[in-house]
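To start, the structure under review is shown below, and the notes come after it.
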Amino acid sequence: MIGGFIQHAREKLLPASAQSFHDAERYIAGQFALLKEDNASLRRQLDDMSAQMLRLQESLDREENARDLDRERQLIMYWQLMRREGESLEDTQIRFFRALPKASGIHQLFQDAEAKLFALLSDLCKDHEIQYWGTGGTVLGAFRHGDFIPWDDDVDIYIPRDQLDRLAELVEADDRFRITVLWDWYVPCKQIRFRLADDDNPCFIDLFPLDWVASDPKTAWEQCSAERRAFVDELREAYAHSEWSEEKYIVQGNPCVAGLEERLASRLASLGERLSVLPTSQGATGLIRGIENIDEVRSSGPYPIGEWMPPEKLTFRGVDVPVPRDYREYLRRAYGDYMSLPADMHTHEHVAADYIGSPASIDAMNRFMAL
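Per the numbering used here, residue 138 is the first one in the sequence shown, and the count goes up by one each step.
Set out below in structure tokens:
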């Protein structure tokens with residue numbers, strides 16, 4: 138029985154003869170050789186394509202560099218042609234930026250109302266000795282334009298966490314104002330805003346918390362940046378299928394908010410131990426951005442205390458705005474060549490017109506301006 142099975146297996150699985158076996162072997166070897174040749178040919182083609190793509194990219198880079206150089210040459214010529222006798226290059230550039238057309242229509246109304254709200258916040262902080270600094274486009278606008286950047290609308294300030302707590306207490310007792318908190322899924326971040334009590338008025342001042350540190354400012358900045366990335370990853374994973382990810386924007390009262398605040402507090406406590414975060418400016422060597430803040434397009438840190446304290450003052454639409462002591466270095470880090478013509482000069486979007494342009498919003502801003 139076993140012998141019959143073996144014979145059957147031979148007939149089914151093995152070649153009928155040695156010659157057939159060798160023929161099959163030669164056929165397979167030939168096919169393998171053809172495959173190797175085809176593979177080698179494909180590799181040569183890929184190498185050729187890679188070389189061509191590299192040459193093309195190098196050519197595009199040369200063209201882009203040439204365009205950049207040509208643009209720089211034209212700008213240099215333009216600035217020199219604009220310069221008046223005895224005027225520095227920077228004075229010429231500031232004169233140019235301050236002569237640019239201002240915002241118009243609904244965006245002009247919004248900027249005017251924003252500036253008035255900023256003046257009220259400035260007075261409140263001055264009266265109660267609350268420390269803050271302008272940040273981002275507010276510093277650039279104050280230095281370069283003495284006003285809003287024409288194609289920008291909002292006002293941004295940095296405020297140390299202890300000073301933010303004091304401001305919140307003052308606002309709680311002042312029926313003119315309120316502070317709103319919103320968690321934004323898109324970034325994600327915690328938006329804190331100073332606003333008027335009037336719900337219909339769309340104006341706001343963005344408040345970005347800072348923390349005082351007693352450790353090396355550069356190391357603290359790097360570790361804080363890493364903590365920010367880890368915090369974002371944690372939130373993305375933990376709330377991927379939550380109401381927050383569906384709604385995109387949530388406020389106090391949403392079931393997710395309590396958990397978000399707990400996660401933030403836990404990370405701030407851990408970061409505070411590692412970086413020697415201080416409750417006040419006493420003994421501080423630097424500042425770090427709160428990990429709940431929206432990310433910067435370009436890092437403006439680190440923030441050594443000597444570059445920030447005591448603050449300088451720049452005028453923004455009639456408001457004396459505290460800015461970093463070395464605000465030029467801050468602007469250089471944040472924007473690079475901050476006196477160049479920006480690429481988004483004609484494409485940067487204002488605050489959405491549908492947000493500020495409703496009849497109720499327009500009426501509220503006009504009422505505010507009439508006060």
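Quick reminder that beta carbons are idealized off the backbone N, C-alpha and C, glycines included.
Being a predicted model, the structure only gives us computed values, none of them experimental.
- Within the segment 402-480, the complete beta strand (DSSP E) segments at least 3 residues long are 423-426, 449-453, 456-460, listed from N- to C-terminus.
- Close CB contacts of Tyr464 within its chain, under the 8 Å cut and outside five residues either way in sequence, are with Val276, Phe280, Glu449, Leu451 (chain order).
- If you keep only unbroken beta strand (DSSP E) runs of at least 3 residues inside the segment 284-319, you get 292-297.
- According to the DSSP assignment, Cys361 belongs to the alpha helix (DSSP H) that extends over 354-375.
- Exposure of Val434 is indicated by the presence of fewer than 16 other C-beta atoms within 10 angstroms of its C-beta.
- For Trp381, the enclosing alpha helix (DSSP H) covers residues 380-384.
- If you ignore the 5 residues before and after Thr417, its C-beta comes within less than 6 Å of the C-beta of Asp299, all in its own chain and listed in chain order.
- Annotation for Arg332: the continuous beta strand (DSSP E) segment containing it runs 326-333.
- Listed in chain order, the non-local C-beta contacts of Val308 below 6 Å within the same chain comprise Phe314, Ile316, local neighbours out to five positions each way being set aside.
- Counting the other Cβ atoms within 10 Å of the Cβ of Met502 gives 16 or more, which makes it buried.
- Excluding the 5 residues flanking it on each side, Arg332 has same chain C-beta neighbours closer than 6 Å at Arg315, Thr317, Phe341, in chain order.
- Under DSSP, the beta-bridge partners assigned to Ile387 are Trp320.
- Of Asp264, Phe255, Ala310, the smallest CA-CA separation from Phe285 is found for Phe255.
- For the options Trp216, Pro459, Phe505, the alpha carbon positioned closest to that of Glu266 is the one of Pro459.
- A check of alpha carbon separations from Tyr475 across Gln230, Trp216, Ile243, Arg204 identifies Gln230 as the nearest.
- Boundaries of the alpha helix (DSSP H) harbouring Pro496: 496-507, taken from the DSSP string.
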